[in-house]
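Structure, as structure tokens:
Residue numbers (full-length UniProt numbering): 1 to 379.
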């Protein structure tokens, strides 16, 4: 039970409520003009403590900036360096300037909704979702610490990401891209294994089993701020991925004369291979040359009134991961095989990502049902 005590001020008699917080610490709040007001406040606190809804006013005076600094420190230990770098940048550029100085118990849901709308008008959906997610995560911690009763950032709608059509290369296009690029064997390896860039550039000789034609993915070399940081692959699971026999010679060349700890696919001058600038790096340059050739051929065919040949789509190294999935599915791989090859967390994720590639299966099912029904009714 709490108690009310009177004290004298220059403005007259005032009352102070003394009570204990849920953690047992004694707390006081003064300024009440009447004893009954102080007692009523004590009763409200005790009711809130019993219901588990007590929130200290003083604890809610902490700023988002202070909690954000603590959150970033803890976040660094929970996520990969590349993720932390993106989140730290979003905090510094979008969240801290707007909310850093605000006391958490003064933030309203409508304010956050307005901020999200303003940010959406000039930034991508990915940027908005990341910034909103950081603020929401910080305020979630404040709710768990009983600094605020509810999180005003929750139930704020963010813009939906627009799903872009994925460019899938054919076998012939992969071969042409490989032959045009600075690292042909590496390009073929990307297109037929489906590894992420960091996974393939992190492969060492000891990860390759040439007898079984497979390799073990257990390291990830991610470039953050121009520096390579080694970590584990997504989603924190090691996996074994086979490679087709036609890559035997390429793997043999890559392994020749190297020790177990050397990189399978190093840069020409040594060290971890980089894809370079997204507009002018070695990979982008190869794609640009091919597209220019294709465009000239298309223009000439159009001028002659002939059928216009296709132009190779713009692709990035990551798009070769999509190509690997496409080629595997066209070769008869089911969703579980593709999931394991790509290292997806679940088959659901694989289906969500490549649903359009499994559409032919639906036609096959329909045809099978038709034949099955006809056979059953003939009996």
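No residue lacks a Cβ here, since even glycine has one placed at the ideal position from N, Cα and C.
Taking the alpha carbon of residue i as the point to measure from, which residue in the options has its own alpha carbon closest?
i: residue 192; options: 114, 6, 317, 372; result: 317
i: residue 155; options: 109, 169, 179, 125; result: 109
i: residue 88; options: 49, 69, 104, 102; result: 69
i: residue 6; options: 30, 151, 178, 66; result: 30
i: residue 112; options: 152, 273, 255, 289; result: 152
i: residue 131; options: 117, 231, 143, 144; result: 117
i: residue 238; options: 249, 343, 184; result: 343
i: residue 142; options: 158, 56, 233, 206; result: 56
i: residue 186; options: 244, 217, 233, 254; result: 254
i: residue 311; options: 320, 91, 290, 303; result: 290
i: residue 196; options: 27, 166, 221; result: 221
i: residue 288; options: 352, 313, 356; result: 313
i: residue 86; options: 167, 136, 224, 44; result: 224
i: residue 323; options: 104, 105, 92, 172; result: 172
i: residue 319; options: 190, 33, 334; result: 190
i: residue 106; options: 125, 82, 58; result: 58
i: residue 82; options: 161, 234, 210, 157; result: 234
i: residue 97; options: 66, 124, 125; result: 66
i: residue 159; options: 119, 184, 134; result: 119
i: residue 94; options: 79, 129, 217; result: 129
i: residue 182; options: 293, 281, 302, 333; result: 281
i: residue 227; options: 276, 217, 210, 251; result: 276
i: residue 16; options: 294, 32, 367; result: 32
i: residue 80; options: 219, 366, 378, 332; result: 219
Can you give me the C-alpha to C-alpha distance between residue i and residue j, rounded to a whole angstrom?
i: residue 18; j: residue 24; result: 12 Å
i: residue 10; j: residue 62; result: 30 Å
i: residue 299; j: residue 127; result: 38 Å
i: residue 338; j: residue 329; result: 7 Å
i: residue 42; j: residue 147; result: 18 Å
i: residue 271; j: residue 139; result: 42 Å
i: residue 297; j: residue 305; result: 12 Å
i: residue 389; j: residue 164; result: The requested residue 389 does not occur in the structure, where the chain is confined to residues 1 to 379.
i: residue 284; j: residue 60; result: 51 Å
i: residue 352; j: residue 373; result: 31 Å
i: residue 249; j: residue 261; result: 20 Å
i: residue 326; j: residue 358; result: 9 Å
i: residue 170; j: residue 180; result: 15 Å
i: residue 64; j: residue 121; result: 24 Å
i: residue 8; j: residue 14; result: 6 Å
i: residue 308; j: residue 230; result: 46 Å
i: residue 177; j: residue 274; result: 17 Å
i: residue 257; j: residue 124; result: 47 Å
i: residue 259; j: residue 206; result: 8 Å
i: residue 242; j: residue 212; result: 8 Å
i: residue 45; j: residue 27; result: 11 Å
i: residue 286; j: residue 244; result: 24 Å
i: residue 91; j: residue 12; result: 48 Å
i: residue 349; j: residue 78; result: 22 Å
i: residue 295; j: residue 217; result: 38 Å
i: residue 162; j: residue 356; result: 16 Å
i: residue 354; j: residue 104; result: 42 Å
i: residue 376; j: residue 369; result: 10 Å
i: residue 157; j: residue 133; result: 11 Å
Measure how close the beta-carbons of residue i and residue j come, nearest whole angstrom, since I'm counting them as under 8 Å.
i: residue 188; j: residue 174; result: 7 Å
i: residue 38; j: residue 4; result: 4 Å
i: residue 149; j: residue 47; result: No, residue 149 and residue 47 are not in contact; Cβ-Cβ is about 14 Å, not under 8 Å.
i: residue 194; j: residue 20; result: Between residue 20 and residue 194 the Cβ distance is about 60 Å, and since that is not below 8 Å, they are no contact.
i: residue 214; j: residue 240; result: 5 Å
i: residue 137; j: residue 71; result: 7 Å
i: residue 315; j: residue 167; result: 5 Å
i: residue 345; j: residue 336; result: With a Cβ gap of about 13 Å, residue 345 and residue 336 do not count as contacting.
i: residue 135; j: residue 99; result: 6 Å
i: residue 302; j: residue 251; result: Not quite, the Cβ-Cβ distance comes to about 42 Å (not below 8 Å), so this is no contact.
Checking the sheet assignment: what are the DSSP bridge partners for residue i?
i: residue 377; result: Note: residue 377 sits in no beta bridge, so no partner.
i: residue 94; result: Note: residue 94 sits in no beta bridge, so no partner.
i: residue 332; result: Answer is none; residue 332 lacks a bridge partner.
i: residue 209; result: 214
i: residue 109; result: The partner list for residue 109 (beta bridge, DSSP) is empty, contrary to what the question assumes.
i: residue 15; result: 6, 32
i: residue 231; result: 220
i: residue 63; result: 103
i: residue 240; result: 216
i: residue 127; result: Answer by DSSP bridge pairing: none, since residue 127 is not bridged.
i: residue 272; result: 266
i: residue 20; result: 26
Validate contact between the region 197-206 and the region 250-269 using beta carbons, cut 8 Å, 3 pairs: yes
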